[in-house]
Amino acid sequence: MSNKTVIPFGPQHPVLPEPLQLKLVMQDERIVEAIPAIGYVHRGLEKLTETKEFTQNVFVIERICGICSFKHALAYCQGMESLMGIEVPDRARFLRVIWGELHRMHSHLLWLGLLADAFGFESLFMQVWRDREKVMDIMEETAGSRVIISTNQIGGTRRDIAPEMLAKIDSVVNEVKEDVERVEKVFCNDYTVKHRMVGIGVLSKENAKLWGAVGPMARGSGIAEDVRTLGYAAYNELDLEPVVETDGDCYARMKVRLREVYQSVDLIRQAIAKIPDGPIHVPEKGNPNGEVISRVEQPRGEALYYMRANGSKTLDRLRVRTPTFANIPALLKMLPGHQLADVPILILTIDPCISCTER
Amino acid sequence: MIENVQNISVESLLRYVHDMLFNGYRFITATSVDNGDGTVDVLYHFDKDLEMKHLRITVNKQEEIPSISGIYFGAVLVENEMKELFGLNIKNIVIDYGGHMLLSDDELEAPMARQITIINKDKGGVPQ
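Chains as they are written, first to last, in the numbering used here: chain A, 1 to 359; chain B, 1001 to 1128.
Pasting the structure below:
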């Protein structure tokens, strides 16, 4: 029996775009235990929201995470609208679906590129990110910026999308779908890719639920749960079935995200076909009072917002539980028993967002 | 207004959380809110088939709270966070960072607990 050694993985590592450290207790090449060390990008954003007016908070919230900034703002705005009894115009609800699904597409394409980069498939990485650029261009054309698009506001949206632009979005997302269909063959059938992911990091359905996994991580383990099916924004008027895989390994999580890109294309096209004319915003009146919970399905999974207001312009409390925060405990339980060489891919398949986690 | 909130005592917390596990609920997270009167509300959020239930305890700031991480391992990060940012006295967390998960040693202690009153001078000095 050999002695145990502790290997620090991160905070700076080629596979991690953001700083996260895992202290890996190893026995030879096998992991025995993993302990996370976080705190490298904690910014105290929840505290900051207590000092800003509730309307200003939308801009703070969006900066929790660049990749899912729109969804953060959506969760916050929906919570405030619920507290203040605001009914959002129909057109704004559909616009929220379109921008929200564009965000999911660019997040998943970003992740697929990072995955290809992690297993050393540079040309695949370049192809996926080239496809992602088309989505980013739509963001820029519709909102004026590529990442933090600031189109949500309490009571609706800040911007509208013209009919010609909607037609263009319809065409571009279809083009992206065809592009992804081409690279899908490599992701799903390439010998090396499968060798690195099939049977690695298996999370059973029971354990996914027990350890609180959410999003593609839970759906890759056979849990058919997606907060969008609750019908917020305009999802109640669109055909939507959660994407589910049952093997629970890294490969299954990758397939869920790939298929969710197609699902987003489908939802955007449905929303464009059904979007009504009309106003995009109703002004809020007064100040919020009471407490509320708002949930949305971000690209990485369920995000929960808790808000308590006291009738003034500032909130008593705003709490954000992001999907990576929920998925880290399951990651810690999955790592033991794996080899050190599997760690980068295993960490990557939870699609960690440390800015979200630490806020 | 939040639906399905049950106010319970600290002593009965672990029993209720065990019941949640037994009934197939997923632990979402916990939220602590400083009430400003020396007490803190801690809400534990659970989900089953996308329906939420919440348990609420109200504790004095130094009162001992048992950790639920032995029942739901997913609570380990949020309990450390509440301990660190709100100064809650949570006992027996499965992985206990001792109040240094997010912040360094020289940071303000319990920065999320209500310590500062912001006076808005434009509104006649009324605390906001």
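By construction, the Cβ of each residue, glycine as well, lies at the ideal position given by its N, Cα and C atoms.
Residue contact check for Y1072 (chain B) against chain A: a CB pair falls below 8 Å.
If you check the CB distance, I38 (chain A) and T357 (chain A) come in under 8 Å. Checking the DSSP bridge columns, you'll see Y1044 (chain B) partnered with B:A1030 and B:L1055. Counting only Cβ-Cβ distances below 8 Å, F1027 (chain B) has contacts in chain A at G212, in chain order. Of all C-beta pairs linking the region 304 to 321 of chain A to the region 1003 to 1011 of chain B, fewer than three are shorter than 8 Å, placing the two stretches out of contact.
Residue burial annotation: E291 (chain A) is buried, with at least 16 other C-beta atoms found within 10 angstroms of its C-beta.
Taking the CA atoms as reference points, L346 (chain A) sits about 21 Å from Y40 (chain A).
Residue environment analysis places Q270 (chain A) among the buried positions, since at least 16 neighbouring C-beta atoms fall within 10 angstroms of its C-beta. Counting only the Cα atoms, L1050 (chain B) lies some 18 Å from D1019 (chain B). The criterion of a C-beta distance shorter than 8 Å is satisfied by I1057 (chain B) and V1010 (chain B).
Put simply, of A:V88, A:E178, A:L45 and A:I354 the residue whose alpha carbon is nearest the alpha carbon of R259 (chain A) is A:E178.
Listed along chain B are T1029, L1077 and V1078, each with a C-beta nearer than 8 Å to that of F325 (chain A). Under the DSSP assignment, T5 (chain A) falls in the beta strand (DSSP E) whose first and last residues are K4 to F9. Within the region 229 to 300 of chain A, the beta strand (DSSP E) runs of at least 3 residues that lie entirely inside it are, in chain order, 289 to 298. DSSP links E33 (chain A) through a beta bridge to A:V25. Relative to V15 (chain A), the option among A:Q78, A:L48 and A:F125 whose CA is nearest is A:F125. Membership of N207 (chain A) in the alpha helix (DSSP H) is indicated by the continuous run K205 to L210.
In terms of Cβ geometry, I1065 (chain B) and Y1044 (chain B) do not form a close pair [threshold 8 Å]. Beta-bridge partners of L315 (chain A) (DSSP): A:A309. Here DSSP, grouped into helix, strand and coil, assigns I1065 (chain B) to strand. The three-state secondary structure of I347 (chain A), taken from DSSP, is helix. At a Cβ-Cβ threshold of 8 Å, K1061 (chain B) and R1026 (chain B) do not count as neighbours. Residues of chain A with a Cβ closer than 9 Å to the Cβ of V1033 (chain B) are, in chain order, E291, Y306, R308, D316, R317 and R319.
F1073 (chain B) and P329 (chain A) do touch by the CB rule: their CB atoms are close to 5 Å apart, below 8 Å. E62 (chain A) has no beta-bridge partner at all, per DSSP. Excluding five sequence positions before and after P8 (chain A), the CB atoms of its chain that fall closer than 7 Å to its own CB belong to Q21 and K23, given in chain order.
By the neighbour-count criterion, in which a residue is buried when 16 or more other Cβ atoms sit within 10 angstroms of its Cβ, T1031 (chain B) is buried. Contacts with chain B at 8 Å (Cβ-Cβ) include H42 (chain A). For the C-beta of M1001 (chain B), the chain A residues within less than 8 Å are, from N- to C-terminus, G290, E291 and V292. According to the DSSP assignment, I1090 (chain B) belongs to the beta strand (DSSP E) that extends over N1089 to K1091. Under DSSP, no beta-bridge partner is assigned to N189 (chain A). Using a C-beta cut-off of 8 Å, the region 150 to 157 of chain A makes contact with the region 87 to 102 of chain A, since at least three inter-stretch Cβ pairs fall below that distance. Excluding residues up to 5 positions away in sequence, S221 and G248 lie with their Cβ nearer than 8 Å to the Cβ of S204 (chain A) in the same chain. Rounded to whole angstroms, the Cβ separation of N327 (chain A) and M217 (chain A) is 5 Å, and the two are in contact under 8 Å.
Under DSSP, L304 (chain A) shares a beta bridge with A:R295 and A:R321. Taking a Cβ-Cβ threshold of 9 Å, none of the residues of chain B is close to G231 (chain A); the smallest such distance is about 10 Å.
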